[in-house]
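Read the structure below first, then the notes.
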Amino acid sequence: MTQAQGPDEYTPDPRRWEVLGVLVVVLFMSLMSVSSVNVTLPTIQHSLAATQSELQWVLSGYALTFGIGLVAAGRAGDIYGRGPLFIAGTAIFTASSIWAGLAPDPLHLNIARAVMGIGSGLNCMQAVGMIQQYFRGAERGRAFGIFGSVVGVSVSIGPLLGGLLIQAGGENAGWRWTFFVNVPIGILAIVLAAVWIPKPLLNRHRESLSGQAPPSRDLDPVGSVLLGLAVLAVMFPFLETGATPLVWIALPAGVGILLVWIWWENHYKDRGRAPMVDLHIFRVTSFANGTLLVSLYFLGMTSVWVLVALYMQEGLGHTALESGFVGLPSSILSALAALWAGRSVAKLGRKVVIGGLFCAILGLVLSIVVVWLHAQGLASEWWLLGSLAFIGIAQGAVISPNQALTLAEVPLQYAGSSGGIMQTGQRVGTSVGIAVITAISFGVLAVSTWAGALMVGFLVIAVVVIVALGVAFRDLRQRHGNAWL
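Numbering follows my numbering, in which position 432 of the sequence shown is assigned residue number 432; successive positions increment by one, without gaps.
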């Protein structure tokens, strides 16, 4: 390896952009697969005679397995090398995509989706760690910007591709091809990773790039299990909607397990061992603020597209393809905004994220106005293409720049586990937000219309984003005087 991580001796690895190319190929595959599944659910239900609960677990099983192992996956990459685990995760995702495409019944499909979540979580955390490892300063911001632009493109292509494949292949075969399309992309990514990711990394070379002692080969299995159980228990009742009320016992149990995990990590460190997560990392204010901010952002904003899809299809009777089309301008602008933000974050710092949050609030307010005007017969629902475009700008200006800023002061030996903490916050925020905000919207629907349900749901989301904006302003004050941070 030609890199050194001291601030005055850093030498960029000449293969860093090729490594980024591999990462974005895999990101494109996984996100395109996730977004395309949303429009295939009705055909899956008809083709496999799935119950509503089985259909729910097509999404929930993936979310659970993706979320519970993120920090452990990041920690494993920090210790054993990110390249081999990245290839392993991609191979697991690709193989389980074949399994999902061939699934004869809902049980096999849901097991395959759960395995896909494991593979996706494994390679996702190595990707975050490798960007931390191969890029510094302004280049890291641009790398995360490219990463974010791929998010916008893949999310927009997924629903359209799913709709086209279903139209071309029919109800019984079309949804299967939304999984099979991952196979050539996954194989290409594995080949490129073997060729482009530097061989010392693939051979599990663990020499510290900062001149410090290499991290201990200590995966902290007890800490890994405790945190996984805590995340599982917290997420489960929000994903298993409509089940017996007893399922909510898992929520306080999860909080209790989390407290035990915190005690264990401190105890483990006091014994002179290397804990899964050194909790002192939360003393880095930029990391603590950024993790809280993005968790709040996902708590609110992820529900936007769920409510829009319900409003367009259930409320107005549009097709799934038409429902997906309403978000296309937003996704395109998200990609463009992420590229701009990646180039600008080194100069403007947290101001980029603050501007994105203001765009999110503006998009939510304008969308409420459009829906109200449509309910009065004064506007077309297709005006949402314009109002939701501001939400796309927000996504590009918030997610990737916040990740670069949040991880900027994190030591490299914690790049994987700290990235895992951020991702876990996003996953928990997503599952809690979708459950709570859709429940509020359905409560309004019981006494009102779909227009009223969406407007109230968007209003709740706006309140959550305003809280995230407060965190961003606090972080800006604490970073005052440092242009990059």
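Glycine included, C-beta positions come from ideal geometry on N, C-alpha and C.
C-alpha gap between Ala213 and Gly355, whole angstroms: As a first step, residue 213 is located in the sequence shown; it is residue number 213 there, counting from the start. As a first step, residue 355 is located in the sequence shown; it is residue number 355 there, counting from the start. Below a pLDDT of 50, predicted positions are generally treated as unreliable, and Ala213, at 44, falls in that range; the measurement from the model is reported next regardless. The alpha-carbon separation between Ala213 and Gly355 amounts to approximately 40 Å.
In whole angstroms, give me the CA-to-CA distance for Gln132 and Pro329. By 1-based counting over the sequence shown, the position of residue 132 is 132. By 1-based counting over the sequence shown, the position of residue 329 is 329. Computed Cα separation, rounded: 31 Å.
Tell me which residues share the same chain as Phe236 and place their Cβ nearer than 6 Å to its Cβ, disregarding the 5 neighbours each side in the sequence. Here the question's residue 236 lines up with position 236 in the sequence shown. The answer, listed in chain order, is Ala250.
Under three-state DSSP, which class holds Arg271? Residue mapping note: residue 271 aligns to position 271 of the sequence shown, counting from 1. Residue state, collapsed to three classes: coil.
Grab the span of the alpha helix (DSSP H) containing Met29 for me, first residue to last. Taking the first residue of the sequence shown as position 1, residue 29 is located at position 29. Arg16 to Leu48 is the extent of the alpha helix (DSSP H) around Met29.
I'd like to check one pair, Thr51 with Ala114: are the Cβ atoms closer than 7 Å? As a first step, residue 114 must be located in the sequence shown, where it is residue number 114. As a first step, residue 51 must be located in the sequence shown, where it is residue number 51. Contact flag unset, no.
Please state if the CB of Val39 and the CB of Gly162 are separated by a distance shorter than 7 Å. Translated into the one-based positions of the sequence shown, residue 162 becomes position 162. Translated into the one-based positions of the sequence shown, residue 39 becomes position 39. Contact: yes.
If the criterion is Cβ atoms closer than 7 Å, does the pair Ala189 and Val26 meet it? Numbered from its first residue, the sequence shown carries residue 189 at position 189. Numbered from its first residue, the sequence shown carries residue 26 at position 26. Yes, the pair counts as a contact, with Cβ atoms nearer than the cut-off.
Pop quiz: Ser334 and Gly396 are said to be a contact at Cβ under 8 Å. What is the actual Cβ separation, rounded to whole angstroms? Along the sequence shown, read from residue 1 onward, the residue named residue 334 stands at position 334. Along the sequence shown, read from residue 1 onward, the residue named residue 396 stands at position 396. Their Cβ separation, rounded to whole angstroms, is 4 Å, which keeps Ser334 and Gly396 in contact under 8 Å.
Using the Cβ count rule (16 or more neighbours within 10 Å means buried), how would you classify Pro14? Here residue 14 refers to the residue found at position 14 when the sequence shown is read from its first residue. So Pro14 ends up on the exposed side.
Rounded to whole angstroms, what is the Cα-Cα separation between Leu165 and Ser36? Locating residue 165 in the sequence shown gives position 165, counting from the first residue. Locating residue 36 in the sequence shown gives position 36, counting from the first residue. The alpha-carbon atoms of Leu165 and Ser36 are separated by roughly 10 Å.
Report buried or exposed for Arg283, applying the criterion of at least 16 other Cβ atoms within 10 angstroms of its Cβ. Here the question's residue 283 lines up with position 283 in the sequence shown. With fewer than 16 other Cβ atoms within 10 Å, it is exposed.
If distances are taken between C-alpha atoms only, which option among Leu226, Arg477 and Gln478 comes closest to Glu265? The count along the sequence shown starts at 1 and reaches residue 265 at position 265. Of the listed residues, the one whose Cα sits closest to Glu265 is Leu226.
Does the pairing of the segment 424 to 436 with the segment 176 to 189 give three or more beta-carbon distances under 8 Å? no
Where Tyr311 and Asp278 are concerned, what is the direct C-alpha to C-alpha distance, given to the nearest angstrom? For the purposes of this step, residue 311 is taken as the residue at position 311 of the sequence shown. For the purposes of this step, residue 278 is taken as the residue at position 278 of the sequence shown. Rounded to the nearest angstrom, the two C-alpha atoms are 44 Å apart.
Under the three-state reduction of DSSP, which class applies to Ser380: helix, strand or coil? One-based indexing of the sequence shown puts residue 380 at position 380. Note: Ser380 maps to coil in three-state DSSP.
Spatial distance of Ala338 from Ala95 (CA atoms): Along the sequence shown, one-based indexing puts residue 338 at 338. Along the sequence shown, one-based indexing puts residue 95 at 95. Computed Cα separation, rounded: 31 Å.
How is the alpha helix (DSSP H) around His108 delimited, first residue to last? Stepping through the sequence shown from its first residue, residue 108 is reached at position 108. Segment Pro106 to Tyr134, the alpha helix (DSSP H) holding His108.
Status (buried if at least 16 other CB within 10 Å, exposed otherwise) for Pro184: Sequence index remark: in the sequence shown, residue 184 carries index 184 (1-based). The residue in question, Pro184, is exposed, as its Cβ has fewer than 16 Cβ neighbours within 10 Å.
For Glu139, does the three-state DSSP call read helix, strand or coil? Locating residue 139 in the sequence shown gives position 139, where the first residue counts as 1. In the structure shown, Glu139 sits in a helix (DSSP, three-state: H, G or I).
Alpha helix (DSSP H) runs wholly inside the segment 49 to 84, at least 4 long, in chain order: 52 to 68 and 70 to 80
Pro104 burial status per 10 Å Cβ neighbour count (16 or more: buried): One-based indexing of the sequence shown puts residue 104 at position 104. That one is exposed.
Cβ-Cβ separation, Ser47 to Glu171 (assumed contact under 8 Å), whole Å: The residue you call residue 171 lines up with position 171 of the sequence shown. The residue you call residue 47 lines up with position 47 of the sequence shown. Rounded, the Cβ-Cβ distance is 6 Å, consistent with contact.
Close beta carbons around Pro198, own chain, < 8 Å, minus the five adjacent residues each side: For the purposes of this step, residue 198 is taken as the residue at position 198 of the sequence shown. Within the same chain, Pro198 has close Cβ partners Met1, Asp13, Arg15, Val19 and Gly83.
Out of Gly452, Trp450, Glu139 and Arg427, point me to the one whose CA is closest to Ser60's CA. Position 60 of the sequence shown holds residue 60. Per the Cα distances, Arg427.
Less than 7 Å separating the beta-carbons of Phe144 and Gln313? Within the sequence shown, the letter at position 144 stands for residue 144. Within the sequence shown, the letter at position 313 stands for residue 313. No, Cβ-Cβ distance for Phe144 and Gln313 is not below 7 Å.
Tell me the residue span of the alpha helix (DSSP H) that contains Asp278. Numbered from its first residue, the sequence shown carries residue 278 at position 278. Careful: Asp278 lies outside any alpha helix (DSSP H) and carries neither H nor E.
So, under 8 Å CB-CB, Val128 and Gly419 are touching, yes? Tell me the CB distance rounded to an integer number of Å. As a working note, residue 128 is residue 128 in the sequence shown. As a working note, residue 419 is residue 419 in the sequence shown. Contact flag correct, Cβ pair sits at about 4 Å.
CA-CA distance, Ser210 and Thr11? Taking the sequence shown and counting its residues from 1, the one referred to as residue 210 is at position 210. Taking the sequence shown and counting its residues from 1, the one referred to as residue 11 is at position 11. Low confidence applies here, because Ser210 scores a pLDDT of 42, under 50, leaving its location unreliable; read the following figure in that light. Approximately 12 Å between the Cα atoms of the pair.
With distances taken between CB atoms, is the gap from Leu70 to Leu55 smaller than 7 Å? The sequence position of residue 70 within the sequence shown is 70, counting from 1. The sequence position of residue 55 within the sequence shown is 55, counting from 1. Against a cut-off of 7 Å, the Cβ pair of Leu55 and Leu70 comes out as no contact.
Express the C-alpha separation of His318 and Lys269 in angstroms, rounding to a whole number. Taking the sequence shown and counting its residues from 1, the one referred to as residue 269 is at position 269. Taking the sequence shown and counting its residues from 1, the one referred to as residue 318 is at position 318. The alpha-carbon atoms of Lys269 and His318 are separated by roughly 56 Å.
Using the beta-carbon count (16 or more within 10 Å), is Thr244 buried or exposed? Residue numbering aside, residue 244 sits at position 244 when the sequence shown is read from its first letter. With fewer than 16 other Cβ atoms within 10 Å, it is exposed.
For a cutoff of 7 Å on Cβ pairs, would you count Leu279 as touching chain D? Judged by its chain identifiers, the structure shown contains no chain D, having just a single protein chain.
Under 7 Å between the Cβ atoms of Gln126 and Leu85? Locating residue 126 in the sequence shown gives position 126, counting from the first residue. Locating residue 85 in the sequence shown gives position 85, counting from the first residue. The answer is yes: Cβ separation under 7 Å.
Taking all protein chains shown into account, do 16 or more other C-beta atoms lie within 10 angstroms of the C-beta of Trp57, making it buried, or fewer, making it exposed? Looking up residue 57 in the sequence shown gives position 57. Looking at its Cβ environment, which holds 16 or more other Cβ atoms inside 10 Å, Trp57 is buried.
To which residues of the same chain is Val371 closer than 6 Å at the C-beta, ignoring the five residues directly before and after it? Counting from one through the sequence shown, the residue named residue 371 turns up at place 371. Here the set comprises Ala451, Leu454 and Met455.
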